[in-house]
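Chemist:
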Amino acid sequence: MVGKVLGIRDLEQFSSRRSSVYVDPECDKFFELPLFIAASSNDVTTKCQCFQFSPGKEPALRSFTEIQQLLQQGKKRDVKNILRENSWPINSPIRSQLWPLLCGQHLTKQHMLDGFYWEMVHQVFGTTELSEKPIMLPAFVDAIHCLPYHLTSTGRAVADRIVNVLGYDCPDITYSPVLYPITSILLHFMSEEEAYICLAGLVASKEKVFINQTKLQHEVTWKTVMQIAKKHTKSAVSYFQRICPGLKLERVFMDWCWWILAGLPFQHLVRIMDCYFHEGIKVLYRVALVILNLFHKECQSNNEWSPDNIKNDIGNALIKFCKKITVSPAKLLHAAFSIRGLSTQYISRISIKTEMLLKSRSVLNSSSKQLIKSRSSDNLPTSQSQVNIQMMSHTLTIRELFTLWSWLPVRITMYQPKLLYTTEEHGCSLTTFYVRVEQHEPTLLMIKTCNNEVFGAYCSSRWFERNVKDDKGQRQAYFGTGETFLFSLYPERAKYPWVGIEGDKDLGHSSELFMAADSKMITIGGGEGQAIWMDENIRFGKTDGCKTFNNPPLCPSGDFEIRVLEVYGFVGS
């Protein structure tokens, strides 16, 4: 395996070499860092907690073991607070264990057995030896932003190999410019194999967003940052628009992630990554807002950033400003996490609304290019799928299928529907329902009542999430996202999307009650009523208007008896 496993003496030398960099923000551009710290050395594992890096009278920094135990106990909120507050020096060996632990918690498929990565390397390159010839990078990599962060030439070759293998293992990744820089950062603190496993965890995460993987996701992200900035850094945004009347804000925010990844000194990046690997992309959102505010203040007091000097290229000026930032990593993060009103729910609402608007217009802008996507026959269920549904379904006709298909998120229409559960074949039991359905995401629930009403819901999250515990170790009552929607097919045809899609206003908790379930019932929608409720025997149910979807009762009587319940998944989603 490429790389050097460092012993404790090596770590001490590495420590003294990195501390000077940590103290002086300008030093990071003058040194060539080692490829990575030891990956699997037991010496490092046992010695990491013996180092005390606390300067002066500050409280002792928390150890890897403490964080590991908290994660095992499901105390993610406590871990979040520790990561935010503990400023481990850039040379602390804790990250060789901490980062793999944080990234590993997001893996949904436990297929990373010993040797898996090297088997993949052999499949892709025919050998595990590192070639001396340049490795062609996958198409999803942005060649302009292959930031090496002072890796050696060998380190850069290793980074090239990692992203190639990841692209081979994850063919759904079509555009991911930040993936290479994050790979480079990981390699400063771990082995090639561990860096790959960390990336696999970030890419596979279902609960949180870490790395954008398509051009659509990339555009949704920068437009989300722009919308949040208009609210939370209003003065800065107004200032930029005032000094550059013809400026399109889009041009500034398209490069928002490079303010951080290409601008900030390495010691700032490392501390940001400590939190990012646990909390996700929202950490970067917060940091970006702080950068905007700091830059705005500097523009008003420093001639270097006067309107005449920056008005022609504010985006590039922001990156230059970040390179010279005088705020310490600790103060930067403190300011980022002090921003109020920037909840995960709020960010999710803005992001989902932005994505839906982009899809509804069928236009995706990237690097001043327009890629127009249209619903064509390629995005309809195949003829075989249509035949299967006609033969098996008691709720859907082909006409109704096409109607429903037009309401689905565009990316889901690229997959084929598959009947996962039907009371006609699998019986009427919630236990059986969960066994057959809970790991699929998304799912489509179709209900036909004894009065022949047909209605249901598109459920954006796995039903397994009813078992997921929150940061306090308690099971969450409701789960799901704003992509969830209700619909009625007979006697009325109507779609009832989440109310949060209609605006940025904070609508309160009752508007975000998407899905709930336990051993006794299933609920979809809440707030002054439940849009769909079914009992444990999947025999009786009720429907009310609710705040989450602003829907009327989905059948006139409100109460209903279930003739058939069908649940569809999507092959490949």
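Residue numbering for the sequence shown follows the working numbering, beginning at 488 and increasing consecutively.
Backbone N, C-alpha and C fix where the C-beta goes; we use that ideal spot for every residue, glycine too.
List the endpoints of the continuous beta strand (DSSP E) containing residue 930.
Modeler: Its beta strand (DSSP E) spans residues 930-936.
Chemist: Quick check: the Cα distance between residue 1042 and residue 1012, rounded to an integer number of angstroms?
Modeler: Cα-Cα distance, rounded: 15 Å.
Chemist: Kindly indicate the opening and closing residues of the alpha helix (DSSP H) around residue 904.
Modeler: From DSSP, residue 904 is part of no alpha helix (DSSP H) but of the beta strand (DSSP E) over 903-909.
Chemist: Beta strand (DSSP E) containing residue 1021: first to last residue?
Modeler: Residue 1021 -> beta strand (DSSP E) spans 1019-1022.
Chemist: How is the alpha helix (DSSP H) around residue 760 delimited, first residue to last?
Modeler: From DSSP, the alpha helix (DSSP H) with residue 760 extends over 753-766.
Chemist: Return yes when the Cβ of residue 728 is within less than 8 Å of the Cβ of residue 841, no when it is not.
Modeler: No. Outside cutoff.
Chemist: According to DSSP, is residue 771 helix, strand or coil?
Modeler: Correct three-state label for residue 771: helix.
Chemist: How many whole angstroms separate the CB atoms of residue 686 and residue 758, which I take to be in contact at a CB cut-off of 8 Å?
Modeler: Not confirmed; about 20 Å, so no contact.
Chemist: Let me check one thing: in DSSP terms, what residues is residue 943 bridge-paired to?
Modeler: 933, 974.
Chemist: Going by the beta-carbon positions, is the gap between residue 1019 and residue 1032 smaller than 8 Å?
Modeler: Not in contact: residue 1019 and residue 1032 (Cβ atoms no closer than 8 Å).
Chemist: Look at the Cβ atom of residue 667, then the Cβ atom of residue 646, and state whether they are nearer than 8 Å.
Modeler: Result yes, Cβ atoms of residue 667 and residue 646 sit closer than 8 Å.
Chemist: With DSSP as the reference, identify every bridge partner of residue 647, one or two as the case may be.
Modeler: None, per the DSSP bridge assignment.
Chemist: Cα-Cα, which of 980, 951, 977, 1039 is closest to residue 1002?
Modeler: Of 980, 951, 977, 1039, the residue nearest in Cα terms is 951.
Chemist: In three-state terms, what does DSSP make of residue 952?
Modeler: Residue 952: helix per DSSP, three-state reduction.
Chemist: Given a threshold of 16 other Cβ atoms within 10 Å of its Cβ, counted over all protein chains shown, does residue 682 qualify as buried or as exposed?
Modeler: So residue 682 ends up on the buried side.
Chemist: Starting from the Cα of residue 616, find the closest Cα among 656, 648, 624 and give me that residue.
Modeler: When each option's Cα is compared against that of residue 616, the closest is 648.
Chemist: Kindly indicate the opening and closing residues of the beta strand (DSSP E) around residue 820.
Modeler: Residue 820 -> not in any beta strand (DSSP E); alpha helix (DSSP H) instead, spanning 816-824.
Chemist: State the CB to CB distance for the pair residue 934 and residue 1049, rounded to an integer number of angstroms; the pair is presumed to be in contact (CB under 8 Å).
Modeler: At roughly 6 Å, the Cβ-Cβ gap stays under 8 Å, so residue 934 and residue 1049 are in contact.
Chemist: Determine whether the beta carbon atoms of residue 930 and residue 1055 lie at a separation below 8 Å.
Modeler: Yes; because the gap between Cβ atoms is below 8 Å, this pair is in contact.
Chemist: Put residue 1046 into one of helix, strand or coil per three-state DSSP.
Modeler: If DSSP states are grouped into helix, strand and coil, residue 1046 belongs with the strands.
Chemist: Judging by CA-CA distance, which residue of 665, 977, 965, 1023 is the nearest neighbour of residue 746?
Modeler: Checking every option, the nearest Cα to that of residue 746 belongs to 665.
Chemist: For residue 1058, count neighbouring C-beta atoms within 10 Å of its own C-beta (all shown protein chains included) and say buried if the count is 16 or more, exposed if not.
Modeler: Flag for residue 1058 reads exposed.
Chemist: Below 8 Å, can you find three or more Cβ-Cβ pairs linking the region 717-725 to the region 779-799?
Modeler: A contact exists between the region 717-725 and the region 779-799.
Chemist: Taking the alpha-carbon of residue 695 as reference, which of 877, 928, 835, 1017 has the nearest alpha-carbon?
Modeler: Comparing Cα-Cα distances from residue 695 to each of 877, 928, 835, 1017, the minimum goes to 835.
Chemist: Given a threshold of 16 other Cβ atoms within 10 Å of its Cβ, counted over all protein chains shown, does residue 1046 qualify as buried or as exposed?
Modeler: By the 10 Å Cβ count, residue 1046 comes out exposed.
Chemist: What number of angstroms, rounded off, separates the C-alpha of residue 707 from the C-alpha of residue 775?
Modeler: Computed Cα separation, rounded: 16 Å.
Chemist: Based on the DSSP output, what are the partners of residue 983 in its beta bridges?
Modeler: Residue 983 is bridged to 973.
Chemist: Once DSSP output is grouped into helix, strand and coil, what is the label at residue 1051?
Modeler: Residue 1051 falls in the strand class under three-state DSSP.
Chemist: Give the DSSP-derived three-state secondary structure of residue 810 in the structure shown.
Modeler: Three-state result, residue 810: helix.
Chemist: Quick check on DSSP: helix, strand or coil for residue 777?
Modeler: Helix at residue 777.
Chemist: Could you tell me which of 1017, 567, 909, 880 sits nearest to residue 1039, measuring between CA atoms?
Modeler: Of 1017, 567, 909, 880, the residue nearest in Cα terms is 1017.
Chemist: DSSP beta-bridge partners for residue 1029?
Modeler: The partner list for residue 1029 (beta bridge, DSSP) reads 1020, 1046.
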